[in-house]
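Numbering (my numbering), first residue to last: 11 to 132. From the three backbone atoms N, C-alpha and C, an ideal C-beta is built for every residue, glycine too. Accompanying notes for the structure given below.
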Amino acid sequence: KEFLAMSGREFREVIGKNCRILIEGVPAEEISRSARKDARNYCTTARLRNLSSIPYMMLLQRNARKNGDLFYNYIMLGALRGPNGRILVAGLQIDMGDKVESITVSDQAAAVETHQKNMRIC
């Protein structure tokens with residue numbers, strides 16, 4: 011529900027899709043290639059090494075809503091072991107607004123604190 015509100019999309023538009031749909035419409039020069047690479051490396055490392063105890067990571071990525079409005083998405087990734095023993099990577103996404111300069115350390119801390127309980131499962 012919150013993802014739908016953040017992305018401006020309907021359920022039928024996101025079901026079965028990767029969250030990369032959020033970079034559709036973002037100017038290429040505003041997409042953080044390093045954040046995308048770090049996220050890929052995190053997922054690969056967690057799965058290949060079968061690590062559920064790997065610390066969670068946080069990254070900031072420019073994203074776009076369906077209507078084209080740009081915003082900064084604060085993404086927290088964590089690895090956890092699924093019921094069949096397979097390593098899964100869970101992500102929490104927080105809309106941090108449209109200006110990265112306005113995101114303070116206390117904003118980041120508040121975002122993490124708000125979702126800390128959810129990240130403990132990782």
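Give the DSSP bridge partners of residue i, in chain order.
i, result
"residue 105", "83"
"residue 70", "84"
"residue 99", "89"
When burial is assigned at 16 or more other CB atoms within 10 Å of the CB, is residue i buried or exposed?
i, result
"residue 104", "buried"
"residue 73", "buried"
"residue 18", "exposed"
"residue 159", "Residue numbering for the chain in the displayed model covers 11 to 132; residue 159 lies beyond these limits and cannot be assessed."
"residue 130", "The predicted position of residue 130 is uncertain, since its pLDDT is 45 and thus under 50; a value taken from the coordinates is nonetheless stated next. Per the 10 Å Cβ criterion, exposed."
"residue 132", "Here the model assigns residue 132 a pLDDT of 35, short of 50, so the residue's position is not dependable and the matter cannot be decided."
"residue 85", "buried"
Take residue i as the anchor and find which of the options has the nearest alpha-carbon.
i, options, result
"residue 33", "61, 20, 82", "82"
"residue 63", "13, 99, 108, 44", "99"
"residue 57", "77, 91, 86", "91"
"residue 68", "59, 87, 78", "87"
"residue 16", "116, 94, 97, 77", "77"
Looking at C-beta atoms only, is the number of pairs between the region 48 to 67 and the region 21 to 33 that lie closer than 8 Å three or more?
no
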